[in-house]
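This report concerns only the one structure given below.
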Amino acid sequence: MTQPTEVTPSTAIPLSQFRQILHLPLSLLDPDQAGGPEAQMRRLLKQMAAHGWAPARTTFNDEPGPHSYEEAAYFHDFVRDFLYAKDRDNQHYSFCRPDMIDQEMVFHLGSGDVACTIKTLEIDLFTFGVAILTLELVAVAPMTLARALDLIDHGRRAFPGFWYDDTTPGLCPRAVTLGGTRHEAESRTEHVAHLKAPQPDEKPALRLFPWWRSLLAPLCLQGENRESGLPVWRHVLDERIPVMSFLALPDKAAFESISEGDWFRIAAADGAGKDPMPFNGPFLRAQAETLFYDRHAPCAQSTSCTRHSFAGYHYALVGANIPPPDNFFEDVIQTHFRSHYRRMNFIAQLEFAALLTFSRRVTDLAITPDAPDFRDKLLRVRKDFLSFTHRFLFTDVSNHLQAREMNTRLRASMNLDGLRADVEAELSAASDFALAEEQRDMGRSQEALTRFATLFLPATLATGFAGMNIVADFLGQIAPASPRTAWLWGLAELMFWAAIAYGIGLFVQGLIRRKGIDSPDSIGPLLRRAVSWTGFCALVCALLAVALKG
Numbered sequence: 002m003t004q005p006t007e008v009t010p011s012t013a014i015p016l017s018q019f020r021q022i023l024h025l026p027l028s029l030l031d032p033d034q035a036g037g038p039e040a041q042m043r044r045l046l047k048q049m050a051a052h053g054w055a056p057a058r059t060t061f062n063d064e065p066g067p068h069s070y071e072e073a074a075y076f077h078d079f080v081r082d083f084l085y086a087k088d089r090d091n092q093h094y095s096f097c098r099p100d101m102i103d104q105e106m107v108f109h110l111g112s113g114d115v116a117c118t119i120k121t122l123e124i125d126l127f128t129f130g131v132a133i134l135t136l137e138l139v140a141v142a143p144m145t146l147a148r149a150l151d152l153i154d155h156g157r158r159a160f161p162g163f164w165y166d167d168t169t170p171g172l173c174p175r176a177v178t179l180g181g182t183r184h185e186a187e188s189r190t191e192h193v194a195h196l197k198a199p200q201p202d203e204k205p206a207l208r209l210f211p212w213w214r215s216l217l218a219p220l221c222l223q224g225e226n227r228e229s230g231l232p233v234w235r236h237v238l239d240e241r242i243p244v245m246s247f248l249a250l251p252d253k254a255a256f257e258s259i260s261e262g263d264w265f266r267i268a269a270a271d272g273a274g275k276d277p278m279p280f281n282g283p284f285l286r287a288q289a290e291t292l293f294y295d296r297h298a299p300c301a302q303s304t305s306c307t308r309h310s311f312a313g314y315h316y317a318l319v320g321a322n323i324p325p326p327d328n329f330f331e332d333v334i335q336t337h338f339r340s341h342y343r344r345m346n347f348i349a350q351l352e353f354a355a356l357l358t359f360s361r362r363v364t365d366l367a368i369t370p371d372a373p374d375f376r377d378k379l380l381r382v383r384k385d386f387l388s389f390t391h392r393f394l395f396t397d398v399s400n401h402l403q404a405r406e407m408n409t410r411l412r413a414s415m416n417l418d419g420l421r422a423d424v425e426a427e428l429s430a431a432s433d434f435a436l437a438e439e440q441r442d443m444g445r446s447q448e449a450l451t452r453f454a455t456l457f458l459p460a461t462l463a464t465g466f467a468g469m470n471i472v473a474d475f476l477g478q479i480a481p482a483s484p485r486t487a488w489l490w491g492l493a494e495l496m497f498w499a500a501i502a503y504g505i506g507l508f509v510q511g512l513i514r515r516k517g518i519d520s521p522d523s524i525g526p527l528l529r530r531a532v533s534w535t536g537f538c539a540l541v542c543a544l545l546a547v548a549l550k551g
């Protein structure tokens, strides 16, 4: 796309419409405790209605109008089965907050206040241990590109990354007024004190801003009061919440006035700046091909005026109506942003959060591989991963050419294929370890059984031979048995035959080893000790019998 000949500062570029969709992913802190994630989810579901959550629409015809149908027709049938299931099963639950629609959410930024209206507030819960909050905001008043850049950068923060001073969080809202209630950002002193006083069974947890905690209620977040008995959720990312941004400009001239540096700021969700480029120019230009998607960007051969950008944590759609009386971008394309592209991003964010969750579950198991329930928990993780892979993992969502191109760029920007390969490798390594342990236990059981048979089978044979009194009759001619010595002669004969049987066993075991056939290493020494002791006992019993006879 060609760059403007004259640079227009972002403070002088007006927007005719601005909206955002944020996807906040959470993961169960201890999914394999308290009966597993399914049991924990059931406890949470009982509390949702009390906090204003109602079942969300689950079929595309719940909302009248052509756009609802077009959204569903955009996707493969198996994707529709996931997005618009007639009846949610016990693995996926969708809720919305009807009472929050059209409520005002004001961001108090360092550069001024920005008022937005809530258009969507939904939460999706998955029994493999993932929750995703979806929040759609529309700016109440027109704004400049500079103000939009600041809101994109600051409004997505889940918690402060740093502070300018004790009371001013860096690149974050100072406060947010939600439905008339003002929520102040915590000071650095308060935040650090919270980190230094974690609950006994938890690691220190970075605390989400109070407005996010309010929107997520009744979900209990890591580091919060756990007296409710509800499952505890943790924030799986850094301080930046994944966000989608829709920026509509009044006309093509305004679109083409955006500077090269501001295009990179839009893509990276960076705040407004005065420098020509936010970072090193050659470095950023080398990334332009993967950052921007320009199928419908302006050119001499087309009247299109749309540009997409993909940066993993930020997807932006920027455009203008062509010609201005036509409201195509702010009507039709805006609807695609809210529906088609939102669903596509949701599927990708679900995969990202789920993979991080499964990785954490395997890692937590690997810390205690000797735990008695290690294999049972690993089997549960593998079962959940199998269910996720076959029911909620969609590497391809549509056969539309643009949809395929966009989805490919989106997935690549999030490195989903690489992350999934890592998780599969972690699961495979854990499974190999569990299999090796199982084989080791089986080997130990087999060796114990072999040792048992080695000891008692010859003894059984010896008992049978002893009952024939062959040796006793022979010895009786030398020193006839008396009532006092009869039992000694019997024991001597038993030990004699036992020594013979163990000796034969030792000879056979030696032949087996010479033939190269595996046998437990402990059998040879065991047989040698058995031969020695039984032979010695036979001799002692015979000598005692002779002595007592004398």
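Converting from the sequence shown to the numbering used here requires adding 1 to each position, the first position being numbered 1.
Virtual Cβ for every residue (Gly too), placed ideally from N, Cα, C.
Quick one, which of the options has its alpha-carbon nearest residue i's?
i    : options                : result
G53  : A116, G272, I124, F83  : I124
V177 : L292, E105, F329, T135 : E105
A270 : P15, L23, A354         : L23
T118 : V107, L126, F163, F127 : V107
S432 : H401, K378, T409, R412 : K378
T304 : T190, D252, M278, Q335 : D252
L46  : N281, F96, E257, W213  : F96
R344 : V244, L238, I259, E240 : V244
G320 : F256, D365, R214, W234 : F256
Q403 : Y75, Q350, A51, A367   : Y75
G230 : R412, L220, R376       : L220
Y316 : F338, T182, P324       : F338
Q260 : G282, W234, E240       : Correcting the residue identity first, residue 260 is Ser in this sequence and not Gln. Cα-wise, what sits closest to S260 is G282.
Grouping DSSP H, G and I as helix and E and B as strand, with all else coil, what is residue i?
i    : result
S310 : strand
W234 : strand
V244 : strand
E7   : coil
S260 : coil
A321 : strand
H77  : coil
I518 : For I518, the predicted model reports a pLDDT of 47, less than 50, meaning its position is unreliable; a value from the coordinates is still stated below. Residue state, collapsed to three classes: coil.
G36  : coil
I153 : helix
G113 : strand
M407 : helix
Q18  : strand
D276 : coil
F453 : Residue placement at F453 is poorly supported in this model, since its pLDDT is 47, which falls under 50; the coordinates still yield a value, given next. Helix, per DSSP.
E225 : coil
V141 : coil
Does the Cβ of residue i lie closer than 7 Å to at least one heavy atom of the ligand GTP?
i    : result
F311 : With respect to the ligand GTP, the structure offers nothing, as it holds no ligand at all.
Let me know if residue i comes out buried or exposed under the rule of 16 or more other beta-carbons within 10 Å of its beta-carbon.
i    : result
A13  : exposed
R296 : exposed
S112 : exposed
G551 : Legend: pLDDT at G551 = 49, less than 50; position of this residue unreliable, no value from coordinates given.
N408 : buried
Q1   : Outside the shown range of the chain (2 to 551) lies residue 1, about which nothing can therefore be said.
D78  : exposed
L380 : exposed
Q302 : exposed
T128 : buried
R186 : It should be pointed out that residue 186 corresponds to Ala in this sequence rather than to Arg. Buried.
H391 : exposed
N346 : buried
V363 : buried
Y294 : buried
L138 : buried
I368 : exposed
L387 : exposed
V233 : buried
Leaving out the 5 sequence neighbours to the left and right, which residues in its chain are closer than 7 Å to residue i when beta-carbon positions are compared?
i    : result
V424 : L356, F359, S360
R421 : L356
E331 : S17, Q18, A249, N322
S414 : F311, A312, G313
D276 : G262
S188 : D167, T168
C173 : H155, R158, P161, A186
Below 6 Å CB to CB, which residues in the same chain sit around residue i once its five sequence neighbours on both sides are set aside?
i    : result
A140 : F19, C117
I1   : The chain is shown only over 2 to 551; residue 1 falls outside these bounds and no answer can be derived.
Y94  : L126
A246 : The question names Ala, yet the displayed sequence has Ser at residue 246. Counting only Cβ-Cβ distances below 6 Å, and skipping sequence neighbours, we find Q21, I153, A317.
Closer than 8 Å by C-beta to residue i: which residues in its own chain qualify, once you throw out the five before and the five after it? Chain order, please.
i    : result
T145 : S11, T12, A13, I14, P15, L16
Exercise for the section: Would you mind listing the beta strand (DSSP E) stretches within the stretch 155–203 that are 3+ residues and don't spill past its ends, in chain order? Expected result: As far as the stretch 155–203 is concerned, its whole beta strand (DSSP E) runs of at least 3 residues are 164–166, 176–179, 182–185.
Problem - Every unbroken alpha helix (DSSP H) within the stretch 361–395, with a cutoff of 4 residues, ordered by chain - result: Within the stretch 361–395, the complete alpha helix (DSSP H) segments at least 4 residues long are 375–392, listed from N- to C-terminus.
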